[in-house]
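Asks: In my numbering, the protein residues as written are 7 to 381. A virtual CB, placed ideally from N, CA and C, is assigned to each residue, including glycine.
1. Using the DSSP secondary-structure output, state which residues sit across from residue 361 in a beta bridge.
2. Touching or not, the region 356-370 and the region 220-229, by the rule of three or more beta carbon pairs under 8 Å?
3. Please state whether the Cβ-Cβ distance between residue 331 and residue 149 is less than 9 Å.
4. Name the residue from 166, 182, 203 and 362 whose alpha carbon lies nearest to the alpha carbon of residue 194.
5. In chain order, what residues of the same chain lie with their CB nearer than 7 Å to the CB of residue 201, ignoring the 5 residues before and after it?
6. With DSSP as the reference, please indicate the residues paired to residue 137 in a beta bridge.
7. Mind checking which residues open and close the beta strand (DSSP E) that includes residue 263?
8. Just curious, the beta strand (DSSP E) that residue 221 is in, first and last residue?
9. What residue does the beta strand (DSSP E) around residue 320 start on, and which one ends it?
10. Can you tell me the Cβ-Cβ gap for residue 399 and residue 145, rounded? I've got them flagged as a contact below 8 Å.
11. From this set, 256, 287 and 217, which residue's C-alpha is nearest residue 118's C-alpha?
12. Could you check what DSSP says for residue 343 in three-state terms: helix, strand or coil?
13. Report the CB separation of residue 130 from residue 188 in whole angstroms; it is logged as a contact under 8 Å.
14. Can you give the Cα-Cα distance for residue 322 and residue 162, rounded to whole angstroms?
15. Among residues of its own chain, excluding the 5 on either side of residue 258, which ones have a beta-carbon nearer than 6 Å to its beta-carbon?
16. Taking 9 Å as the threshold (C-beta atoms), are residue 261 and residue 242 in contact?
17. How should residue 325 be labelled, buried or exposed, when 16 other C-beta atoms within 10 angstroms of its C-beta is the threshold for buried?
18. When you compare only the Cα positions, how much space is there between residue 378 and residue 69?
19. So residue 290 and residue 244 are in contact, right, with Cβ under 8 Å, and what is the actual spacing, rounded?
20. Just grab the DSSP bridge partners of residue 243 for me.
21. In this structure, does DSSP put residue 376 in helix, strand or coil?
22. Quick one, which of 199, 160, 185 and 167 has its alpha-carbon nearest residue 174's?
23. Taking the continuous alpha helix (DSSP H) assigned at residue 234, which residues delimit it?
24. With a threshold of 16 other CB atoms inside 10 Å of the CB of residue 380, please say whether the residue is buried or exposed.
25. Taking C-beta to C-beta, are residue 133 and residue 311 nearer than 9 Å?
26. What do you reckon, are the CB atoms on residue 155 and residue 361 nearer than 9 Å?
27. When DSSP labels each residue in this structure, what does residue 306 get in the three-state scheme?
28. In whole angstroms, what is the alpha-carbon distance linking residue 216 and residue 205?
29. What are the boundary residues of the alpha helix (DSSP H) that includes residue 333?
30. Using only alpha-carbon positions, find the residue among 104, 348 and 96 that is nearest to residue 285.
31. Identify, in the order they occur along the chain, each residue of the same chain with its Cβ nearer than 8 Å to the Cβ of residue 190, setting aside the five sequence neighbours on each side.
32. Out of curiosity, what's the CA-to-CA distance linking residue 124 and residue 116?
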């Protein structure tokens, strides 16, 4: 595992055989019951065969069916002010090289939502990690996007679900501007993250092309719900790289359960690099959680956790798609998962401290993950 940062059935109707003794009422009843039981068992076996074929085969077509998005066509160019780019082509020419997109990759974005009133949080997605899964190579990459990245954000009319206007703000506000958990918060965050990765935003150095990086799915959870997920799998062990009050001391291996898990994921004041240290912990946590789920049996675990997750989290994955991801997880070398951070530079807008992405380094990073260089 590496972390990379760039830039900065009854009777059959036949006559009875001679010599057979008449059957009494109890034996007939027993035979009927056994027949019914046989039918039920046979039916169950068929269901299991069909179901296991569905989840254990290599067919991952369900993962390439896009869920409902806030479409780019809802963005009025006169409102957004975003430069028009050439249509996405199969091959990109950049810096004298040609690149073709890896079409086997499917993306899901994990959103950690902070909505704690006492902290003044207003439905911000303070964790944004894109998981790029190569369904052929059975590999994955985790891409952290810092919450304070300054970029184009769409505001949603929550009555119509359409984009009413575009503004510039921190990327973690897209969830808020989508109306939060009961409206279009996650869909808007997903769409804004996709626009950001595809370079369909205002850039310091405009491009004459857009990348093709569809974010097909999201899974969001309020940070307060993290303890329930962790407790459901019996906790996650982690070796602390820094001392975190109420969790443990640097170098100590602790089992994250309950509030400890939430504290670990929220902490940035004790983490080296502040928010960058926190996003590193979040990526590490996802990998350790994936290992734990895999050790428990990924398909079985997802089935057990599905109803539990849907009580305090949201996703546009259906169960079949979740099981397809579980199958991929079962075949994956978790230690080989690559970790990346969108490269950024410190800056400010007015009196607000924000982050500006390093555009050239970000493009190199994304081409390396999603595209293959061709001759």
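Replies: On the basis of the data shown:
1. 155 and 352
2. no
3. No, Cβ-Cβ distance for residue 331 and residue 149 is not below 9 Å.
4. 182
5. 158 and 207
6. 114 and 148
7. Per DSSP, residue 263 belongs to no beta strand (DSSP E) and is neither H nor E.
8. First-last for residue 221: undefined, no H or E at that position.
9. 319-321
10. With the chain represented from 7 up to 381, any question about residue 399 goes unanswered, as that position is not in the structure.
11. 287
12. coil
13. Contact flag wrong, Cβ pair sits at about 16 Å.
14. About 19 Å.
15. 246
16. yes
17. exposed
18. Approximately 21 Å between the Cα atoms of the pair.
19. 7 Å
20. According to DSSP, which records beta bridges pairwise, residue 243 is partnered with 261.
21. Assignment of residue 376 by DSSP, reduced to helix, strand and coil, places it in the helix class.
22. Ranking 199, 160, 185 and 167 by Cα distance to residue 174 puts 160 first.
23. 232-238
24. exposed
25. no
26. yes
27. helix
28. 6 Å
29. Taken as a continuous stretch (DSSP letters only), the alpha helix (DSSP H) holding residue 333 covers 325-336.
30. 348
31. The beta carbon of residue 190 is closer than 8 Å to those of 76, 162, 164, 167 and 184 in its chain, skipping five residues each way along the sequence.
32. For residue 124, the predicted model reports a pLDDT of 47, less than 50, meaning its position is unreliable; a value from the coordinates is still stated below. When rounded, the distance between both Cα atoms is 24 Å.
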